[in-house]
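Each residue of the sequence shown is one higher than the last, beginning at 1132 in our numbering. A virtual CB, placed ideally from N, CA and C, is assigned to each residue, including glycine. Single-structure report; data block below.
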Amino acid sequence: MPTDVANTKELKRLTNEALNYTGPRGILAAIVDELVGILESVSGFRVDQEQSLTEGETVCDDGLAISPAQAACCAGEYQRTAFFLRGAHSAIMQALVANPGGVVRVLYAGSGPYATLAVPLMTIFPPEKVKFTILDLHPESIQSVRAIVSELGLECSVESYVVTDACKYTIPPRGLPDILLCETMSTALEKEPQVGITRHLLGQAPDAIMVPESVRIEAFLVNTSDEPDMIIPESEDPSGCRQPNRISLGPVFELSKAAIRYWAPTETHRLPGQSIRLPLIPEPSYRPFLFTTINTHGEHVLLTHDCNLTGIREIMEIDPVAAGDSYQFSYQLGQNPRLVAEASGSHAPGSRTD
Ligand SMILES: C[S@@+](CC[C@H](N)C(=O)[O-])C[C@H]1O[C@@H](n2cnc3c(N)ncnc32)[C@H](O)[C@@H]1O
């Protein structure tokens, strides 16, 4: 019997709203805020305002595992949370259609203390149809998720709890997941281990649906004197009139199933990206930036500035005035994973091609 029937019912109502609401963003923010409020209140996990958010973070071999307190703060990023929930919901629906009558297994790697992308969906899908494995590096986070699941009477939806480094985790072969759900990333896939975790887990469950389905990174030259200081989410500006004069340099890296299949499984140092060539810039105020687009699943896409993860990052290695120069991107693996750009040739008038 659920200990807290009222909160479980309210969480289900708010989850349905977060999945379906299409009106103004302010209202979506309020819906997600209430939803996260329930998770927080039943978890007993509180962010200590006196404590630094970095306290309790762990540097792992494949990137930084942010602290439980910082992970808790991610939940309130309403557009991120809503679109990841929608993506996970859409992936589960797809898996249910592909496997009628069977149980869909979701492996949630990097749950944080609220398992924000899983617990709400446990109120929507019955445990006979969908089972979750909840994994995080930090015991404090798993302890908090256990408390939430137990308080809300959702124990039957959880197959297991795992405290481990997801990049070292061996999935039990008899319980291969249908869905790999993971949000352990920051802007432009820097610092955190999203690439390492997804690559390691997909290698063991190659047929699983990934959520997010893809993370695409593109380079643009941005006229920094022209671009508004105010951050305008691209999904609120479909005609692009608030993004004046950006010059596309093309895609530089993608994390997706197709990309993972293409990378050599034994590569531990660098993953290949794409190359770009600099055009003549109209003004010196143009600077190169990385832009991130996250397709959580199906039609659910986070565009530039929709959330922190899709903010923009200046590329410091590139001198934008060197028209004709080419740069090769690669993704550096390790404790501080990130995209790096290296000069790979010059096609400027009078220069030699390397
Ligand atoms: C950005 S937070 C996201 C939390 C939650 N997924 C959400 O969306 O609200 C990333 C979480 O992944 C966990 N994490 C990071 N690296 C990990 C690793 N190598 N193995 C297991 N968990 C990891 C962190 O401890 C943190 O709880």
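Does the Cβ of residue i lie closer than 6 Å to at least one heavy atom of ligand 1?
i: E1365; result: no
i: E1208; result: no
i: C1298; result: yes
i: E1259; result: no
i: T1315; result: yes
i: G1243; result: yes
i: H1331; result: no
i: P1468; result: no
i: T1185; result: no
i: D1192; result: no
i: L1268; result: yes
i: S1272; result: yes
i: A1202; result: yes
i: C1287; result: no
i: L1216; result: no
i: T1435; result: no
i: T1247; result: yes
i: P1324; result: yes
i: A1196; result: yes
i: C1438; result: no
Hey, how far is the Cα of residue i from the Cα of residue j?
i: G1481; j: I1412; result: Confidence in G1481 is poor, its pLDDT being 48 and thus under 50, which makes the residue's placement unreliable; the coordinate value appears in the next sentence. Using only the alpha carbons, I get a separation of about 18 Å.
i: R1401; j: V1136; result: 49 Å
i: T1484; j: N1151; result: Unreliable positioning characterises T1484 in this predicted model, as indicated by a pLDDT of 42, which lies under 50. The coordinate reading is nonetheless provided below. Going from the Cα of T1484 to the Cα of N1151 covers about 53 Å.
i: L1440; j: S1317; result: 5 Å
i: T1427; j: V1289; result: 22 Å
i: G1241; j: I1162; result: 23 Å
i: E1141; j: P1231; result: 29 Å
i: P1257; j: S1406; result: 47 Å
i: T1146; j: Y1292; result: 23 Å
i: L1470; j: L1166; result: 34 Å
i: P1270; j: G1404; result: 35 Å
i: G1465; j: T1301; result: 20 Å
i: N1138; j: L1170; result: 9 Å
i: Y1417; j: H1478; result: 20 Å
i: S1379; j: G1327; result: 28 Å
i: M1253; j: D1357; result: 46 Å
i: E1286; j: V1250; result: 10 Å
i: I1362; j: H1436; result: 7 Å
i: L1442; j: R1408; result: Per the sequence shown, residue 1442 should be read as Gly rather than Leu. Taking the straight line joining both Cα atoms gives about 23 Å.
i: M1132; j: R1277; result: Because the pLDDT at M1132 is just 48, under 50, the model does not fix this residue reliably, and the value given afterwards should be weighed accordingly. Rounded to the nearest angstrom, the two C-alpha atoms are 16 Å apart.
i: Y1462; j: L1433; result: 21 Å
i: V1353; j: G1476; result: 22 Å
i: L1320; j: C1204; result: 18 Å
i: S1308; j: S1172; result: Reading the sequence as shown, one finds Pro at residue 1308 and not Ser. The straight-line gap from Cα to Cα measures roughly 30 Å.
i: G1218; j: K1262; result: 17 Å
i: A1474; j: W1394; result: 22 Å
i: Q1210; j: A1202; result: 16 Å
i: R1377; j: A1149; result: 32 Å
i: A1336; j: L1311; result: 9 Å
i: R1177; j: V1452; result: 49 Å
i: P1468; j: V1346; result: 15 Å
i: P1364; j: R1156; result: 11 Å
i: G1243; j: F1422; result: 26 Å
i: D1192; j: T1355; result: 36 Å
i: A1222; j: Q1180; result: 36 Å
i: S1183; j: E1414; result: 42 Å
i: V1342; j: L1216; result: 10 Å
i: S1366; j: F1351; result: 18 Å
i: E1282; j: P1324; result: 31 Å
i: A1472; j: G1284; result: 50 Å
i: R1444; j: I1348; result: 11 Å
i: V1237; j: G1381; result: 34 Å
i: L1159; j: C1438; result: 13 Å
Please check the pair residue i and residue j, which I expect to be a contact at CB under 8 Å, by giving their CB distance rounded to whole angstroms.
i: V1280; j: K1260; result: Actually they are not in contact, since the Cβ atoms of V1280 and K1260 sit about 17 Å apart, beyond 8 Å.
i: Y1239; j: A1206; result: Going by Cβ atoms, the distance from Y1239 to A1206 rounds to 14 Å, so no, they are not a contact pair.
i: P1419; j: G1334; result: Incorrect: roughly 33 Å between the Cβ atoms, too far for contact.
i: T1329; j: I1265; result: With a Cβ gap of about 17 Å, T1329 and I1265 do not count as contacting.
i: S1198; j: E1186; result: 6 Å
i: L1332; j: A1297; result: 7 Å
i: E1344; j: S1275; result: Their Cβ separation, rounded to whole angstroms, is 28 Å, which puts E1344 and S1275 out of contact at 8 Å.
Between residue i and ligand 2, is there a pair consisting of the residue's CB and a ligand heavy atom that are separated by less than 6 Å?
i: P1155; result: Here the bound small molecules are ligand 1; ligand 2 is not part of this structure.
Item checked: Any alpha helix (DSSP H) of 4 or more consecutive residues that is wholly inside the region 1390-1430 -> Within the region 1390-1430, no run of alpha helix (DSSP H) at least 4 residues long lies entirely inside it.
Check: Which runs of the alpha helix (DSSP H), 4 residues or longer, sit entirely within the region 1267-1301?
Finding: Every alpha helix (DSSP H) stretch that sits fully inside the region 1267-1301 and reaches 4 residues is listed by chain position as 1270-1282.
Next item on the list: May I have a chain-ordered list of the beta strand (DSSP E) segments no shorter than 3 residues that lie completely inside the region 1195-1272?
Entry: If we require 3 residues or more, the beta strand (DSSP E) runs fully inside the region 1195-1272 come out as 1235-1240, 1261-1267.
Checklist line | Every unbroken alpha helix (DSSP H) inside the region 1319-1387 [4 residues or more] | finding: DSSP runs (the alpha helix (DSSP H)) wholly in the region 1319-1387: 1325-1335.
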